[in-house]
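Colleague: According to our numbering, the stretch in the sequence shown is residues 150 to 554, in order. Where is the CB? At the ideal position from N, CA and C, for every residue including glycine.
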Amino acid sequence: MSYSSKHKLITTGLKLPVRLLLGPGPSNLHPRVNQMLTSSMVGYTDQQYYKVMDETMELMRYLFQTDNHFTIPISGAGTAAMETCVANLIEPGDNVVCLVSGFFSDRIYQMAVRYNGNILKVQKPWGTWFNLDEIKNALETHKPKLLTLVFGETSTGVRQSMEGIGELCRQHDCLLMVDTVAALGGVPFFVDEWKVDACYTGGQKCLSGPPGISPLTFSNRATKKIAERKTPVANWYLDANLLGAYWCPEFNFKDGTITSPQPLRKYHHTTPANLVYSLRESLVLLVEEGLDNVWKRHKEAAFDFYKGLEDLKLQPVIREVYDSADEKGGRLFSLTTVTIPEGIDGKNIMKFLLDNYGIEIAGGLGDYAGKVWRVGLMGHNANRGNVLLLLAALKDALTANGYKC
Ligand code: PLP
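#1: What separation, rounded to the nearest whole angstrom, lies between the Cα atoms of glycine 478 and leucine 333?
#2: I'd like to confirm something about leucine 353: is its beta-carbon nearer than 8 Å to some heavy atom of ligand 1, or not?
#3: Kindly examine ligand 1 and report whether one of its heavy atoms sits closer than 8 Å to the Cβ of aspartate 545.
#4: Could you tell me if tyrosine 471 is buried or exposed, where buried requires 16 or more neighbouring beta carbons within 10 angstroms of its beta carbon?
#5: In the DSSP assignment, what residue or residues form a beta bridge with glycine 512?
#6: For ligand 1, is there a heavy atom less than 8 Å away from the beta-carbon of alanine 210?
#7: Ends of the alpha helix (DSSP H) at valine 182?
#8: Using CA coordinates, which residue listed in Thr220, Asn217, Ile493 and Gly174 is at the minimum distance from glutamine 485?
#9: Consult DSSP for tyrosine 211 and reduce its assignment to one of helix, strand or coil.
#10: By the three-class DSSP mapping on this structure, what secondary structure does valine 330 have?
#11: I'd like the list of long-range same chain contacts for tyrosine 120, defined as Cβ closer than 6 Å, with 5 residues on each side in sequence excluded.
#12: CA-CA distance, proline 421 and valine 191?
#13: So glutamine 558 is in the alpha helix (DSSP H); what residue range does that whole segment cover?
#14: Okay, do the stretch 218–227 and the stretch 348–360 touch, 3+ Cβ pairs below 8 Å being the bar?
#15: Mapping DSSP to helix, strand and coil, what is glutamine 411?
#16: In the DSSP assignment, find the unbroken alpha helix (DSSP H) run with lysine 500 in it and report its ends.
#17: How close, in whole Å, do the beta carbons of arginine 523 and glycine 172 come, if the pair is a contact with beta carbons under 8 Å?
#18: With distances taken Cα to Cα, identify the nearest neighbour of leucine 324 among Leu547, Ser357, Leu288 and Gly525.
#19: From asparagine 497 to lysine 544, what distance separates their C-alpha atoms?
#20: Is it the case that the Cβ atoms of leucine 540 and leucine 461 are separated by a distance below 9 Å?
#21: With DSSP collapsed to three states, give me the class of phenylalanine 338.
#22: Just verifying my parser: in three-state terms, what is the DSSP assignment at glutamine 272?
#23: Quick one: what does DSSP say isoleucine 375 is sitting in, helix, strand or coil?
#24: Using only CA atoms, which one of Cys397, Leu514 and Leu392 lies nearest to threonine 419?
#25: Can you tell me the Cα-Cα spacing of isoleucine 467 and leucine 163, whole angstroms?
#26: Is the stretch 303–312 close to the stretch 512–520, with three or more CB pairs under 8 Å?
#27: Do you know how far the Cα of leucine 413 is from the Cα of threonine 194?
#28: Is the stretch 337–346 touching the stretch 255–271 in the sense that three or more CB pairs, one from each, lie closer than 8 Å?
#29: Closer than 8 Å: is that where the CB of phenylalanine 219 sits relative to any heavy atom of ligand 1?
#30: Looking at ligand 3, does it come within less than 8 Å of glycine 301, judged from the CB to the closest heavy atom?
#31: Candidates Asp203, Ser254 and Asn237: which alpha carbon is nearest glutamate 377's?
#32: For the alpha helix (DSSP H) that contains threonine 290, what are its first and last residues?
#33: When every heavy atom of ligand 1 is checked, does at least one fall within less than 8 Å of the C-beta of serine 357?
#34: Does any heavy atom of ligand 1 sit closer than 8 Å to the C-beta of methionine 231?
#35: Can you tell me where the alpha helix (DSSP H) holding cysteine 318 begins and where it ends?
#36: Please work out which residues of its chain come closer than 6 Å, Cβ to Cβ, to leucine 296, disregarding the five sequence neighbours upstream and downstream, and give them in chain order.
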């Protein structure tokens, strides 16, 4: 019997252009991280793989600045880690407050609604962040069991101030969930010190890794809430109980105690081993450089970029710039939104950069569509050389489009 197909069969290998990815993510892979993607596969019950899992979890605790035992990578994009928090921490009928002032904080809200909580959306205009009085007011009036916010909003370039929020949530017996997808590993963030109960990021931004593997951490307060649920977690793939039985079976969700020796790990799903290796390598790179130096490098690259924008007579959307270590909100160092000048078609500039320089930057989302460019200086890409190249390319693109720099 012969086999025939009416489908067009492709017989050539894939060849992709090399890009400098200076948009909101993904960013370029660090060469050492890239190499891990071709490392040999091992089975998910291999003792060698178990060792890699344990090491990766310990390295993630450094990334998050936490002692949380439940610190695991989610097999999926940042959105999967977001949904892991939402699915596990919201029970039907729970009061929840979602602070929304951008595309991704709204995504959390959209997701939360699907888990049948009693969700209050506290909305502010894009490009703004929340002060402590506004948060206190929401906590007092709605009495939520969970408060959600985005620390680094990639759609607006805003960094939310974390000062006092964790303490306030503890006073109101409320769990605090924070999205750090565009910031962690680039901007200072301290899960334990800031009393954050659920936090996640993605591999593909400040960690210079591939998308599809997303670090997540839950405090013992969060795992206790999960252990005491009256209803099963409505999402099987992302059920923390099942994930924990594979990643950290020694951990007791109810009281945070650790069983020794470690009970057998229970298979849940085939984890993407090469993505886990790559995440481990991203984190080793972070340890080698040291978080302080990594944060400093991101900040310096951002300030070099701000200075260059000024020279080009371009305006960042977010005017307030504060040192991120002082916990004030303002411009996010890892992602800058830039106002597209009057008379310029933002898409033409993006195309010029891509066609002539191989540089990718992005346009705006939602309220900012057609109004801003989004420039990411994340991970391995956050360096002066890339900033100078981008500024020169931008000048060329703007001049070619009739803008007087
Ligand atoms: N949260 C923020 C702040 C993001 O910037 C993104 C992606 O850009 C996400 C969540 C979703 O991550 P992913 O696209 O990996 O699902």
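Modeller: Reading from the atomic positions:
#1: 15 Å
#2: Contrary to the premise, residue 353 reads as glutamine rather than leucine in this sequence. At least one heavy atom of ligand 1 is nearer than 8 Å to the Cβ of glutamine 353, so yes.
#3: no
#4: exposed
#5: Trp522
#6: What sits at residue 210 in the sequence shown is arginine, not alanine. Checking every heavy atom of ligand 1 against the Cβ of arginine 210, none is found closer than 8 Å.
#7: 180–185
#8: The question names glutamine, but residue 485 in the sequence shown is threonine. Nearest of Thr220, Asn217, Ile493 and Gly174 to threonine 485, Cα basis: Gly174.
#9: helix
#10: coil
#11: Summary: the structure shown does not reach residue 120, with the chain confined to residues 150 through 554, and so no result is reported for it.
#12: 10 Å
#13: Since the first residue of the chain shown is 150 and the last is 554, residue 558 is not available in this structure.
#14: yes
#15: coil
#16: 495–506
#17: 6 Å
#18: Leu288
#19: 13 Å
#20: yes
#21: coil
#22: strand
#23: helix
#24: Leu392
#25: 40 Å
#26: yes
#27: 10 Å
#28: no
#29: no
#30: For ligand 3, the structure offers nothing, since it holds only ligand 1.
#31: Asn237
#32: 281–291
#33: no
#34: yes
#35: 314–320
#36: Val246, Cys318, Cys323 and Leu325
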